[in-house]
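J.:
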Amino acid sequence: MGLDRAASIEDLRLRAKRRIPRFAFDLVDGGAENERNMHRNVAAFEEVELTPRYMVDVSTINTRATVLGQTFDVPFGMAPIGMLNAFWPGADLTLARLCKAQNMPYAASSASSTTLEQLAEAADGNGWFQLYVSSDADVTEGLIARAEAAGYTTLMVTADVPAAGKRDRDIRNQLAVPFKFTPEVILQCALNPRWALTSLQHGTPNVANYADLLKSATSYAEVQKTLITPGFDWEDLKRLRARWKGRLLVKGILHPQDAGTCAELGCDGIIVSNHGGRQVAFGPPTIEALPAIAKAVAGRMTIILDSGIRRGADVLRAKALGADFTMTGRALAYGVGAGGAAGAQRAFDILQLELIRALGQIGVASFEAVEASQLSTEVTRQFRANV
Numbered sequence: 002m003g004l005d006r007a008a009s010i011e012d013l014r015l016r017a018k019r020r021i022p023r024f025a026f027d028l029v030d031g032g033a034e035n036e037r038n039m040h041r042n043v044a045a046f047e048e049v050e051l052t053p054r055y056m057v058d059v060s061t062i063n064t065r066a067t068v069l070g071q072t073f074d075v076p077f078g079m080a081p082i083g084m085l086n087a088f089w090p091g092a093d094l095t096l097a098r099l100c101k102a103q104n105m106p107y108a109a110s111s112a113s114s115t116t117l118e119q120l121a122e123a124a125d126g127n128g129w130f131q132l133y134v135s136s137d138a139d140v141t142e143g144l145i146a147r148a149e150a151a152g153y154t155t156l157m158v159t160a161d162v163p164a165a166g167k168r169d170r171d172i173r174n175q176l177a178v179p180f181k182f183t184p185e186v187i188l189q190c191a192l193n194p195r196w197a198l199t200s201l202q203h204g205t206p207n208v209a210n211y212a213d214l215l216k217s218a219t220s221y222a223e224v225q226k227t228l229i230t231p232g233f234d235w236e237d238l239k240r241l242r243a244r245w246k247g248r249l250l251v252k253g254i255l256h257p258q259d260a261g262t263c264a265e266l267g268c269d270g271i272i273v274s275n276h277g278g279r280q281v282a283f284g285p286p287t288i289e290a291l292p293a294i295a296k297a298v299a300g301r302m303t304i305i306l307d308s309g310i311r312r313g314a315d316v317l318r319a320k321a322l323g324a325d326f327t328m329t330g331r332a333l334a335y336g337v338g339a340g341g342a343a344g345a346q347r348a349f350d351i352l353q354l355e356l357i358r359a360l361g362q363i364g365v366a367s368f369e370a371v372e373a374s375q376l377s378t379e380v381t382r383q384f385r386a387n388v
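Taking this note's numbering, the leading residue of the sequence shown gets 2, the next gets one more, and so forth.
(1) Do you know whose CA, among Arg23, Thr64 and Ala370, lies nearest Cys190's CA?
(2) How is the beta strand (DSSP E) around Val239 delimited, first residue to last?
(3) With a CB to CB cut of under 6 Å and the five nearest residues on each side skipped, what residues in its chain are close to His203?
(4) Between the stretch 258-272 and the stretch 22-38, do three or more beta carbon pairs fall short of 8 Å?
(5) How many angstroms separate the CA atom of Val158 from the CA atom of Ala80?
(6) May I have the straight-line CA-CA distance separating Leu238 from Gly166, to the nearest angstrom?
(7) Alpha helix (DSSP H) containing Gly344: first to last residue?
(8) When the distance is taken between beta carbons, is Glu118 closer than 7 Å to Ala151?
(9) Looking at Gly128 and Ala109, is the spacing between their C-beta atoms short of 7 Å?
(10) If we count the other Cβ atoms within 10 Å of its Cβ and call it buried at 16 or more, is Tyr335 buried or exposed?
(11) Bridge partners for Lys252 per DSSP, in chain order?
(12) Going along the chain, which residues of its own chain have a beta-carbon closer than 6 Å to the beta-carbon of Pro163, five neighbours each way excluded?
(13) Buried or exposed: where does Pro206 fall if 16 or more other Cβ atoms within 10 Å of its Cβ makes it buried?
(14) For Phe77 and Ser111, what's the separation of their Cα atoms in angstroms?
(15) Let me check understanding here. Comparing Cα to Cα, which of Val316, Val337 and Ile172 lies closest to Met328?
(16) Just verifying my parser: in three-state terms, what is the DSSP assignment at Gln280?
(17) From the DSSP output, read off the bridge partner residues of Phe130.
(18) Do you know how far the Cα of Thr95 is from the Cα of Gly341?
(19) When DSSP builds the beta bridges, which residues end up paired with Ala68?
(20) Pick from Thr141, Asp234 and Gly253: whose alpha carbon is nearest that of Arg244?
(21) Give the C-beta separation of Tyr153 and Ala123 to the nearest angstrom, bearing in mind that I take them to be a contact with Cβ-Cβ under 8 Å.
(22) Our contact map puts Asn275 next to Thr262 with C-beta atoms below 8 Å; I'd like the distance itself, whole angstroms only.
(23) Who are the Cβ neighbours of Asn86 in its own chain at under 6 Å, not counting the five residues just before and after it?
(24) Roughly how far, in whole angstroms, is the beta-carbon of Gly338 from the beta-carbon of Ile21, given that I think they are within contact range, below 8 Å?
(25) Report the start-end ranges of each beta strand (DSSP E) in the stretch 295-329 that is 3 residues or longer and not cut off at the edges.
(26) Check for me: the beta strand (DSSP E) holding Gly78 runs from which residue to which?
(27) Pull up the distance between the alpha-carbon of Leu51 and that of Arg37, whole angstroms please.
(28) Could you check the C-alpha separation between Tyr133 and Leu255 for me, to the nearest Å?
(29) What residue from Ile145, Ile305 and Asn63 has the CA that sits closest to Tyr211's CA?
(30) Please go through the same chain and pick out, in chain order, the residues whose beta-carbon is closer than 6 Å to the beta-carbon of Leu13, but skip the five residues on each side of it.
(31) Expressed to the nearest angstrom, what Euclidean distance is found between the alpha-carbon atoms of Asp5 and Gly364?
(32) In the DSSP assignment, find the alpha helix (DSSP H) that holds Gln375 and state where it starts and stops.
(33) Check whether the Cβ atoms of Ala75 and Gln353 sit closer than 7 Å, and answer yes or no.
(34) Could you please give the first and the last residue of the uninterrupted alpha helix (DSSP H) stretch that includes Trp89?
(35) Just list the residues that DSSP pairs Ser367 with in beta bridges.
(36) Return yes when the Cβ of Thr64 is within less than 7 Å of the Cβ of Phe368, no when it is not.
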């Protein structure tokens, strides 16, 4: 199937799966343990019904959204994904440039395969920086200082990694950083020559922002121990809030009380996220967690949702249930895997077209006008019962 025949994000996912070695595809496509949470993220969106309304002038559709003082052309951005260049060579920069071209935010991961400085330049004003708080305070401070110098004005602190997620696919594939070229990996690369040749041109992917740490570490387990902080607590977040002078988001919030504490500490917003189902297999889908969180903090801070968005209508479902904005990682990544820059553009075009058509079908001419009244009667009843 050519890119022009891809009708959905799932079509792009299947095309990417055929082009990428299994160990690299699973790195992005896989989730925690039995992947229950990852699959429920997607399925739960389908349970949220929007009621079509007609005889409304929707000849002009406005998809713009203003969030954190900046207006974007679409109400979704690129969520952070670590080591994405292993999925498809050059994916980080490809997506950062797409976000700039389409005027949408790009969240650069601490664990990206490309330095935060290069990604800031590519996103050119649309970049946000996602921070993993390290158990080594000097490592954290170094990343924050670099982010400031690179011109990032929004810091996204990830809270949901007190321990590394157990990803069964990665264990089976014996994934390691730096990559180990085992006989099985070499065979998979041979069976996917385009990926292999393109990877050779770009070089072996690594965690670029931690290059010095990787050089001195004796194992990746040692690196992970430094990057993950089981002791990160509200006092630490309070200190981060005081340290960072720009906009501060907290990513990984699933409980309304946690959302309320973020507001009390002066955070500018939260991201209702379960790490795309990559951290735990037993938590709630984000769209189900959203209503109670929105009730707790709506109007006090920005609410962004990620994890599970695969359709343009999903963005509207999130808005109707209380989100101000959304982000998606895998949907755009599948596009890159399916066809490089052209595939990334195709993924964006699919989501944008679905979004426009969904707005027309529910009789709302702009994204920012979507509200709870667009939910079906039954979903609205459940929504009110939950909040």
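Here a beta-carbon is modelled for each residue, glycine too, at the ideal position from N, C-alpha and C.
T.: Taking the structure as given:
(1) Arg23
(2) The residue asked about is misnamed: residue 239 is Lys in this sequence, not Val. Counting along the chain, Lys239 falls outside any beta strand (DSSP E), though it belongs to the alpha helix (DSSP H) covering Trp235 to Arg244.
(3) Pro90 and Gly91
(4) no
(5) 13 Å
(6) 22 Å
(7) Arg331 to Gln362
(8) yes
(9) yes
(10) buried
(11) Thr159 and Ile272
(12) Pro231
(13) buried
(14) 20 Å
(15) Val316
(16) coil
(17) Ala109 and Leu156
(18) 8 Å
(19) Rather than Ala, the amino acid found at residue 68 in this sequence is Val. Partner(s): Gln71.
(20) Thr141
(21) Actually they do not touch by this definition, with Cβ atoms about 13 Å apart.
(22) Contact flag wrong, Cβ pair sits at about 18 Å.
(23) Ala92, Asp93, Ser114 and Pro206
(24) 5 Å
(25) 303-306 and 326-329
(26) Phe77 to Met79
(27) 25 Å
(28) 18 Å
(29) Ile145
(30) Ala7, Tyr335, Gly336, Ala339 and Ala348
(31) 28 Å
(32) First-last for Gln375: undefined, no H or E at that position.
(33) Per the sequence shown, the amino acid found at residue 75 is Val instead of Ala. Yes, Cβ-Cβ distance for Val75 and Gln353 is below 7 Å.
(34) Neither: Trp89 is in no alpha helix (DSSP H) and is coded neither H nor E.
(35) Asn63
(36) yes
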